[in-house]
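First comes the structure, then the notes that go with it.
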Amino acid sequence: MLESILPGHAHDVAPRLLGAVLRVRGVAVRLTEVEAYGGPGEDPGSHTFRGKGRRNATMFGPPGHLYVYFTYGMHWCANVVCSPEGEASGVLLRGGEIVEGVELARRRRASARRDAELARGPARLTVALGIDGADDGAALDGAEHSLTLLRTPIAGYATGPRTGVSGPGGDATAFPWRFWLPGEPSVSPYRPHVPKRRG
DNA sequence: GAAATGATCGTCT
DNA sequence: GACGATCATTTCA
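For the first sequence, the working numbering gives the first residue as 18, with consecutive numbering after it.
What follows is the structure, given as structure tokens:
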């Protein structure tokens, strides 16, 4: 299943993940929004741009695994490692619709007003699914984690600049590697990158 | 609706 | 020591 699209460059794999279902310990999302991130020296917006480090080691491993990282001192975000071992490109899971385990997801995301907000945004998605640092490196064909592709690729999708990414000169448009399903309420709003000011 | 703001810490410089 | 692949809340229109 997964091996039909992996390994491959994140940029090619990303649109194939739209509509796919990620299931983690009883809660499942149908992905509606993803972003691709390139490898070392290729994509300044990618965690792997400056090579292998402690945090991004999973990205340099084999494809078909989860790369989970902690950011802003409080949020977890999840990626699917796409490229062959050593190339380190991946797809950030930014949003989706809960299609299984909605009750549990609602409990984890108590502040969500509508179900569409349960997994609208990368950090919200990990909370809804119960993903944290312990899931970093998990294979996506296991009992606790699985990724099921559509039989046929999605008919149409949209592309655009990545959210919250600053390239050289703050240019998020250099790599328009954000992919989403138009009209889906679980797609997160676009937010340009804003440098944090000191206090 | 849109915009501003504080929270909070691991990682890299 | 600075800052980030963010979110919830508050404030204003």
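For each residue, glycine too, the CB sits at the ideal point set by N, CA and C.
Predicted model only: the values in this text are computed from it and were never measured.
Judging by CA-CA distance, which residue of Glu104, Val38, Glu134, Ala53 is the nearest neighbour of serine 163?
As a first step, residue 163 is located in the first sequence; it is residue number 146 there, counting from the start. In terms of Cα proximity to serine 163, the closest of Glu104, Val38, Glu134, Ala53 is Val38.
Span of the alpha helix (DSSP H), counted from its first residue to its last, around arginine 124:
Numbered from its first residue, the first sequence carries residue 124 at position 107. Here the alpha helix (DSSP H) through arginine 124 covers 119-125.
With alanine 4 as the anchor, note down where its beta strand (DSSP E) starts and where it stops.
With the chain running from 18 to 216 in the structure shown, residue 4 is simply not present.
Evaluate glycine 70 with the Cβ neighbour count: other Cβ atoms within 10 Å of its Cβ, from every protein chain shown; 16 or more gives buried, anything less gives exposed.
Here residue 70 refers to the residue found at position 53 of the first sequence. With fewer than 16 other Cβ atoms within 10 Å, it is exposed.
Using a Cβ-Cβ cutoff of less than 8 Å, which residues in the same chain neighbour serine 21 once the five nearest sequence positions on both sides are dropped?
As a working note, residue 21 is residue 4 in the first sequence. The residues are Leu166.
How should proline 220 be labelled, buried or exposed, when 16 other C-beta atoms within 10 angstroms of its C-beta is the threshold for buried?
This structure cannot settle anything about residue 220, because the visible part of the chain is limited to 18 through 216.
So the candidates are Gly177, Pro206, Ala140; which of them puts its Cα closest to the Cα of histidine 92?
Reading the first sequence from its first residue, position 75 is the one you call residue 92. Among Gly177, Pro206, Ala140, the Cα nearest to that of histidine 92 is on Ala140.
Indicate the three-state DSSP secondary structure (helix, strand or coil) for proline 114 in the structure shown.
Mapped onto the first sequence, residue 114 falls at position 97. According to the sequence displayed, residue 114 carries glutamate and not proline. Looking at glutamate 114 - three-state DSSP - the assignment turns out to be strand.
Which term fits phenylalanine 192, buried or exposed, when burial requires 16 or more other beta carbons within 10 angstroms of its beta carbon?
Taking the first sequence and counting its residues from 1, the one referred to as residue 192 is at position 175. Under the 10 Å beta carbon count, phenylalanine 192 is surrounded by 16 or more other beta carbons and is classified as buried.
My understanding is that leucine 142 touches leucine 110, with C-beta atoms under 8 Å, so please give their C-beta distance in whole angstroms.
Residue mapping note: residue 142 aligns to position 125 of the first sequence, counting from 1. Residue mapping note: residue 110 aligns to position 93 of the first sequence, counting from 1. Leucine 142 to leucine 110, Cβ: 6 Å. Contact.
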